[in-house]
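J.: Count along the sequence shown from 1, then add 1307; that gives the number in this note's numbering. Even glycine gets a Cβ: it sits at the ideal position worked out from N, Cα and C. This structure is a prediction, so every number in the text was calculated from the model and none was measured.
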Amino acid sequence: MINALGLLEVKGFTAGIEAADAMLKAAQVRLLSQTHIPPGFITLIIEGDLAACRAALDAGAAAAGRVGIVISRKEIGRPETDTEWFVTNLQKQNQAEINPSANNIKPKKTTVTITKQDKVDKVEPPLISTDDKTTETTETALLSFIAEHPQGRNITEIMTLFNITRVAAKRLLDNCISQGKLRKRGNRYSLVEVTK
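#1: Determine the contact status of Ala1371 and Ala1311, defining contact as a CB-CB distance below 8 Å.
#2: When the distance is taken between beta carbons, is Glu1387 closer than 8 Å to Arg1361?
#3: Can you tell me whether Thr1445 is buried or exposed? The criterion is at least 16 other CB atoms within 10 Å of its CB, across all chains shown.
#4: Could you tell me if Glu1500 is buried or exposed, where buried requires 16 or more neighbouring beta carbons within 10 angstroms of its beta carbon?
#5: Taking its Cβ as the centre, do 16 or more other Cβ atoms sit within 10 Å of Arg1385, making it buried, or is it exposed?
#6: Judging by CA-CA distance, which residue of Asn1494, Gln1486, Arg1490, Leu1489 is the nearest neighbour of Thr1464?
#7: Leaving out five residues before and five after Leu1489 in sequence, what residues of the same chain have Cβ atoms less than 6 Å from its Cβ?
#8: Is it buried or exposed for Glu1455, if we count other Cβ within 10 angstroms and need 16 for buried?
#9: By Cβ distance, which residues of its chain are closer than 6 Å to Phe1320, with the 5 residues on each side in sequence left out?
#10: Using the Cα positions of Leu1315 and Ala1369, report the straight-line distance between them to the nearest angstrom.
#11: Helix, strand or coil: which one does DSSP assign to Ile1412?
#12: Between the Cα of Lys1477 and the Cα atoms of Gly1487, Ile1462, Ser1485, which residue gives the shortest distance?
#13: Hey, how far is the Cα of Val1317 from the Cα of Asp1389?
#14: In three-state DSSP terms, what is Lys1381?
#15: Should Leu1397 and Gly1313 be called a contact, given that it needs their Cβ atoms to be closer than 8 Å?
#16: Excluding the 5 residues preceding and the 5 following Ala1322 in the sequence, name in chain order all residues of the same chain whose CB lies nearer than 6 Å to its CB.
#17: At the level of alpha carbons, what is the spacing between Lys1415 and Thr1467?
#18: Would DSSP call Gly1355 helix, strand or coil?
#19: Counting along the chain, where does the beta strand (DSSP E) carrying Thr1342 start and finish?
#20: Is the Cβ-Cβ distance between Arg1460 and Phe1452 less than 8 Å?
Now the structure itself:
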């Protein structure tokens, strides 16, 4: 059980390193995770006693403010069990993304064929292969990738996995939505829940 959480978000890699160093030196806290979000946002999550988290966040925010920009900071005393579960799973997900071999996660291989567009004023040709077998394999890989995350995936994650352009990913996702396999909420795509 986590006694208290501290969250500090800064802009700039150097500010993130400086803040982490200052927080860990200032109080008896442990760095649970760090997340890098392009374009240069770093989120640091610490845990310890509430007073230690506050002291560490004060030191980290001051240090980060000297070399970068502090976006936000928050301490949470005695976090609810769901919040604790979210933070620990976020930590596991970050470690899996950094080192996939540590959790025996093997990257999925998929085939996506992309054709060039000749003229802008013509009807745009399909960017995903129209071969039924390739499309079916790609959709199956996409659906299994989205199913791995309870909140769904965003288009950037899909573009990265399949190594395709935004337009190609959008077409693939729209095709799955039109077939009733996926739904879109905000910027996330998730599987459609089948009710019996």
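T.: In terms of the structure at hand:
#1: Residue numbering aside, residue 1371 sits at position 64 when the sequence shown is read from its first letter. Residue numbering aside, residue 1311 sits at position 4 when the sequence shown is read from its first letter. No, the pair does not count as a contact, with Cβ atoms beyond the cut-off.
#2: Translated into the one-based positions of the sequence shown, residue 1361 becomes position 54. Translated into the one-based positions of the sequence shown, residue 1387 becomes position 80. Contact: no.
#3: By one-based count along the sequence shown, residue 1445 stands at place 138. Thr1445 comes out buried.
#4: Looking up residue 1500 in the sequence shown gives position 193. Counting Cβ neighbours within 10 Å, Glu1500 comes out exposed, since fewer than 16 surround it.
#5: Here the question's residue 1385 lines up with position 78 in the sequence shown. Counting Cβ neighbours within 10 Å, Arg1385 comes out exposed, since fewer than 16 surround it.
#6: Counting from 1 along the sequence shown, the entry for residue 1464 is found at position 157. The displayed chain sequence assigns Glu, not Thr, to residue 1464. Ranking Asn1494, Gln1486, Arg1490, Leu1489 by Cα distance to Glu1464 puts Asn1494 first.
#7: The sequence position of residue 1489 within the sequence shown is 182, counting from 1. So the list reads Cys1483, Tyr1496, once near-sequence residues are dropped.
#8: Reading the sequence shown from its first residue, position 148 is the one you call residue 1455. Exposed, since its Cβ has fewer than 16 Cβ neighbours within 10 Å.
#9: Along the sequence shown, one-based indexing puts residue 1320 at 13. If you ignore the 5 residues before and after Phe1320, its C-beta comes within less than 6 Å of no other C-beta in its own chain.
#10: Start at 1 with the first residue of the sequence shown, and residue 1315 comes out as number 8. Start at 1 with the first residue of the sequence shown, and residue 1369 comes out as number 62. Their backbone Cα atoms lie some 11 Å apart in a straight line.
#11: Position 105 of the sequence shown, counting from 1, holds the residue named residue 1412. Residue confidence for Ile1412 is low, a pLDDT of 48 falling below 50, so the modelled location carries little weight; the figure read from the coordinates is stated next. Here Ile1412 sits in coil by DSSP.
#12: Residue numbering aside, residue 1477 sits at position 170 when the sequence shown is read from its first letter. When each option's Cα is compared against that of Lys1477, the closest is Ile1462.
#13: Position 10 of the sequence shown, counting from 1, holds the residue named residue 1317. Position 82 of the sequence shown, counting from 1, holds the residue named residue 1389. Going by the C-alpha atoms only, they are around 25 Å apart.
#14: Position 74 of the sequence shown, counting from 1, holds the residue named residue 1381. Of the three classes helix, strand and coil, the one that applies to Lys1381 here is strand, per DSSP.
#15: For the purposes of this step, residue 1397 is identified with residue 90 of the sequence shown, where counting begins at 1. For the purposes of this step, residue 1313 is identified with residue 6 of the sequence shown, where counting begins at 1. Not a contact, by the Cβ cut-off of 8 Å.
#16: If you number the sequence shown from 1, residue 1322 lands on position 15. Answer for Ala1322: Ala1371, Val1374, Gly1375, listed in chain order.
#17: Walking along the sequence shown from the start, residue 1415 turns up at place 108. Walking along the sequence shown from the start, residue 1467 turns up at place 160. Because the pLDDT at Lys1415 is just 48, under 50, the model does not fix this residue reliably, and the value given afterwards should be weighed accordingly. The straight-line gap from Cα to Cα measures roughly 12 Å.
#18: As a working note, residue 1355 is residue 48 in the sequence shown. It is a strand residue.
#19: In the sequence shown, counting from the first residue as 1, residue 1342 sits at position 35. Element bounds for Thr1342: 1336–1344.
#20: Locating residue 1460 in the sequence shown gives position 153, counting from the first residue. Locating residue 1452 in the sequence shown gives position 145, counting from the first residue. Contact: yes.
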